[in-house]
Amino acid sequence: MKINKVIEAIQNVEDIALITHINPDGDALGSSLALMEALEIIGKTVNIYCQDPVPKGLRFLDNIHRIKPPSQTPQIYSMAIALDCSDIARMGSCSSIWNQAEHKVNIDHHKSNDLYGDINVVDGQAAATGELVFELISRAQITFKKSM
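Following this note's numbering, the residues of the sequence shown are numbered contiguously, the last one being 283.
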């Protein structure tokens, strides 16, 4: 399964950029934040990028302040993971981060996805990208710390 390939690829990199789509929604942001936390638990350096600001109604999410505009990119990443983006254009100006990364992973639930990654985890039957991120975290056997 492709998710196993993603897990293997993640094990071989240290730094990862997570990129989500323009005008982000709850699935895009929630998926990104959950994957960021999981990757940090296993010792990866992770940053999340989005071209547009977080909508007011979603600013309550834990770690939402960690989402950065592409202008705050400190480096070229070993891996970029696109979340909830059916094509590269949906990344907006974050596509430059994607294009420079050595390894590229595309995780999405849209049937119209262009399959533009080196590894594509795309399931048009999934209700949300968060469902696929949950499966990835579960298969990688990453355990979250309880929040208070």
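We treat Cβ as the ideally placed atom computed from N, Cα and C, and that holds for glycine. Small disclaimer: the values here were computed from a predicted structure and weren't measured.
**OP:** Only counting runs of 4 or more residues, tell me where the alpha helix (DSSP H) segments fall wholly within the region 159-237, in order along the chain.
**Re:** Taken in chain order, the unbroken stretches of alpha helix (DSSP H) that lie wholly in the region 159-237 and span 4 residues or more are 161-176 and 230-235.
**OP:** Tell me whether the beta-carbon of I157 lies closer than 8 angstroms to the beta-carbon of G227.
**Re:** yes
Original post:
Contact between the region 196-205 and the region 214-221: three or more CB pairs below 8 angstroms?
Top reply: The region 196-205, when compared against the region 214-221, does not touch it at the 8 angstroms Cβ threshold.
Subject >> Where the alpha helix (DSSP H) containing T264 begins and where it ends >> reply: Per DSSP, T264 belongs to the alpha helix (DSSP H) from T264 to R274.
Original post:
Grouping DSSP H, G and I as helix and E and B as strand, with all else coil, what is N147?
Top reply: Coil at N147, not helix or strand.
Original post:
Would DSSP call Y251 helix, strand or coil?
Top reply: coil
**OP:** Could you tell me the distance, in whole angstroms, from the CA atom of S206 to the CA atom of I154?
**Re:** Rounded to the nearest whole angstrom, the CA to CA distance from S206 to I154 is 13 angstroms.
Subject >> T278 versus I232: straight-line alpha-carbon distance, rounded >> reply: 29 angstroms
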